[in-house]
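Peer 1: Numbering (the numbering used here), first residue to last: 1 to 113.
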Amino acid sequence: MRDTTEGLNSFIRGIEFTPGDNVAILDSEHPNHAHGWMALREAGLEVRQVPTIPESEKTGNVVEADAETFAPYVDGRTRAIGLSSVIFHSGQKKDIKDICDVYRLGPEERFHY
């Protein structure tokens, strides 16, 4: 792999899904992360962007994401939760352990960078 983006896209393209399956990502993820998932919408993957930006704009506080943050966006058709451990521009943190413990995704679908 030449860089993080290439590795991320390789991972994303390696996930098997059927039309109607979905992934959940935060709306504040790095554009290269979001675009990798968005490119699969043509094949029927639903990309659910979890809103965090409006809350931080209202309060001025960076919102920490945990399993509860993703709850309304994850269901039986969710193939992956794509997330960075820390957001590149805001310092927003994720409780990776909590998210993985709650959703118990298989190792090929559990992801953070």
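We put the beta carbon where it would ideally sit given N, CA and C, even for glycine. Note that the structure is predicted; figures quoted are calculated from it, not measured.
Check each candidate in Ser10, Leu83, Glu64 and Ile99 and name the one with the smallest Cα separation from Gln92.
Peer 2: Here residue 92 refers to the residue found at position 92 when the sequence shown is read from its first residue. Of the listed residues, the one whose Cα sits closest to Gln92 is Glu64.
Peer 1: Can you find the residues in the same chain that come closer than 6 Å, C-beta to C-beta, to Gly7, ignoring five residues on each side of it along the sequence?
Peer 2: As a working mapping, residue 7 is identified with position 7 in the sequence shown. Contacts found: Met1.
Peer 1: So who's on the other strand from Gly82, going by DSSP bridges?
Peer 2: Counted from its first residue, the sequence shown places residue 82 at position 82. Paired residue(s): Ile25.
Peer 1: Hey, how far is the Cα of Ala39 from the Cα of Ala67?
Peer 2: Residue numbering aside, residue 39 sits at position 39 when the sequence shown is read from its first letter. Residue numbering aside, residue 67 sits at position 67 when the sequence shown is read from its first letter. C-alpha separation (whole angstroms): 25 Å.
Peer 1: Tell me whether Gly48 sits in a helix, a strand or coil according to DSSP, three-state version.
Peer 2: As a position in the sequence shown, residue 48 is number 48, starting the count at 1. Gly is not the amino acid found at residue 48; the sequence shown has Arg there. Note: Arg48 maps to strand in three-state DSSP.
Peer 1: Let me know the secondary structure DSSP gives Ala39 once reduced to three states.
Peer 2: Sequence index remark: in the sequence shown, residue 39 carries index 39 (1-based). Coil, per DSSP.
Peer 1: Distance, Cα to Cα, Leu83 vs Glu29?
Peer 2: Counted from its first residue, the sequence shown places residue 83 at position 83. Counted from its first residue, the sequence shown places residue 29 at position 29. So the alpha carbons of these two residues sit roughly 7 Å apart.
Peer 1: Among residues of its own chain, excluding the 5 on either side of Glu108, which ones have a beta-carbon nearer than 6 Å to its beta-carbon?
Peer 2: Working through the sequence shown from its first residue, we reach residue 108 at position 108. Interpretation of Glu108 is limited by its pLDDT of 48, a score under 50 that renders its predicted location unreliable; no figure is taken from the coordinates.
Peer 1: Counting only the same chain and skipping the five closest in sequence on each side, list residues whose C-beta sits under 7 Å from that of Phe70.
Peer 2: Position 70 of the sequence shown, counting from 1, holds the residue named residue 70. Only Ala24, Val50, Ile81 and Ile99 meet the Cβ criterion.
Peer 1: When the Cα atoms are used, what is the spatial distance from Asp101 to Asp95?
Peer 2: As a working mapping, residue 101 is identified with position 101 in the sequence shown. As a working mapping, residue 95 is identified with position 95 in the sequence shown. The straight-line gap from Cα to Cα measures roughly 10 Å.
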